[in-house]
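Chains as they are written, first to last, in this note's numbering: chain A, 1 to 115; chain B, 1 to 114. The block underneath contains the structure these notes are about, expressed in structure tokens.
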Amino acid sequence: AQKITQTQPGMFVQEKEAVTLDCTYDTSDPSYGLFWYKQPSSGEMIFLIYQGSYDQQNATEGRYSLNFQKARKSANLVISASQLGDSAMYFCAMINTGTASKLTFGTGTRLQVTL
Amino acid sequence: EAGVVQSPRYKIIEKKQPVAFWCNPISGHNTLYWYLQNLGQGPELLIRYENEEAVDDSQLPKDRFSAERLKGVDSTLKIQPAELGDSAVYLCASRRGGGTGELFFGEGSRLTVL
């Protein structure tokens with residue numbers, strides 16, 4: 001079985017500062033993918049970044065980077081230079097070929113960016 | 001390219017009434033998902049389709065929930081009869097299929113059961 005754990009129910013960060021959102025995972029499948037999605041108050045799930053289990057380098061997408069530590073089974077999201085519009089729920093999720101394309105989500109972290 | 005389209009965005013019904021949600025995935029996406037998201041929680045899978053075949057419906061409460069994906073394109077999720085605990089957001093997502101590629105989500109259908 002696969003499991004995603006996000007231990008931070010809520011986080012605060014000041015505008016222009018960097019913030020790290022934690023995510024740990026558990027799977028027995030050697031082939032998997034890790035995602036981060038942003039969900040603003042409007043409700044849509046917005047894809048941010050993806051990391052494959054065999055990728056050699058950490059994924060980066062603009063201000064988003066994924067700190068992938070395979071041995072520790074962690075996939076933390078780093079947001080640099082936070083903006084007020086980054087305030088939202090953030091979900092870590094995993095998909096693996098062992099469960100045939102099922103995407104499993106964590107419980108989410110609510111990020112609030114302050115002035 | 002159009003995204004995943006869901007309707008209605010909002011629905012308010014009384015308990016014991018039926019309700020249906022519709023999803024049009026991105027063109028060419030073989031895999032379609034229905035997720036349930038309760039307030040303050042992460043989405044949970046209800047059912048996954050590969051083309052027109054439901055390949056994972058283990059989390060679908062089959063006594064009151066049903067889904068179909070005719071011709072492997074659009075999908076409908078139905079609840080009959082609705083209960084108070086069904087109040088949630090129902091998210092539809094699609095992906096091209098195979099590997100570990102990204103899921104694209106619709107805006108969701110928010111159901112309130114009174």
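A virtual CB, placed ideally from N, CA and C, is assigned to each residue, including glycine. Note that the structure is a prediction, hence the values are computed from the model and not measured.
Extent of the continuous beta strand (DSSP E) to which D57(B) belongs: Here residue 57(B) corresponds to residue number 57 of the second sequence, with the count starting at 1. Neither: D57(B) is in no beta strand (DSSP E) and is coded neither H nor E.
Among P61(B), D57(B), S7(B) and T31(B), which has the Cα closest to the Cα of Q80(B)? Your numbering for residue 80(B) matches position 80 in the second sequence. The residue with the shortest Cα to Cα distance from Q80(B) is P61(B).
DSSP on L118(B), reduced to helix/strand/coil? The requested residue 118(B) does not occur in the structure, where chain B is confined to residues 1 to 114.
Which chain B residues sit within Cβ distance under 8 angstroms of E15(A)? Translated into positions along the first sequence, residue 15(A) becomes position 15. Within 8 angstroms Cβ-Cβ: nothing; E15(A) doesn't reach chain B, min ~25 angstroms.
Compile a chain-ordered list of the residues in the segment 55-66 of chain A whose CB is closer than 8 angstroms to at least one CB of chain B. Cβ contacts with chain B: none found.
If you measure between the beta carbons of R9(B) and L32(B), is that distance less than 8 angstroms? Your numbering for residue 9(B) matches position 9 in the second sequence. Your numbering for residue 32(B) matches position 32 in the second sequence. For R9(B) and L32(B), no; Cβs fall outside 8 angstroms.
So, helix, strand or coil for G72(B), using DSSP? Residue 72(B) sits at position 72 when you count from the first residue of the second sequence. Three-state result, G72(B): helix.
Beta strand (DSSP E) segment containing G10(A), residue limits: As a working mapping, residue 10(A) is identified with position 10 in the first sequence. Where G10(A) is concerned, the enclosing beta strand (DSSP E) stretches over G10 to Q14.
Determine the chain B residues that contact G108(A) at a beta-carbon separation under 9 angstroms, and present them in chain order. The residue labelled residue 108(A) in the question sits at position 108 within the first sequence. Neighbours of G108(A) on chain B, chain order: G40, Q41 and G42.
Could you tell me whether the Cβ of K38(A) comes closer than 8 angstroms to any Cβ of chain B? Taking the first sequence and counting its residues from 1, the one referred to as residue 38(A) is at position 38. No - not a single Cβ of chain B is within 8 angstroms of the one on K38(A).
Cβ atoms of Y37(A) and M94(A): under 8 angstroms apart, would you say? Stepping through the first sequence from its first residue, residue 94(A) is reached at position 94. Stepping through the first sequence from its first residue, residue 37(A) is reached at position 37. Contact: no.
Under 7 angstroms Cβ-Cβ, which residues of chain A neighbour F105(B)? Position 105 of the second sequence, counted from the start, is the residue given in the question as residue 105(B). Here the neighbours are E44 and M45.
Within chain B, the residues that F68(A) reaches when beta carbons sit closer than 7 angstroms: Sequence index remark: in the first sequence, residue 68(A) carries index 68 (1-based). Neighbours of F68(A) on chain B: none; closest Cβ ~14 angstroms, over 7 angstroms.
My output table needs one value for G85(A): the three-state DSSP class, helix, strand or coil. Against the first sequence, residue 85(A) aligns to sequence position 85. The answer is helix: DSSP assigns G85(A) an H, G or I state.
Is D86(B) helix, strand or coil by DSSP? Here the question's residue 86(B) lines up with position 86 in the second sequence. D86(B): helix per DSSP, three-state reduction.
Go ahead and pull the three-state DSSP assignment for K38(A). As a first step, residue 38(A) is located in the first sequence; it is residue number 38 there, counting from the start. In the structure shown, K38(A) sits in a strand (DSSP, three-state: E or B).
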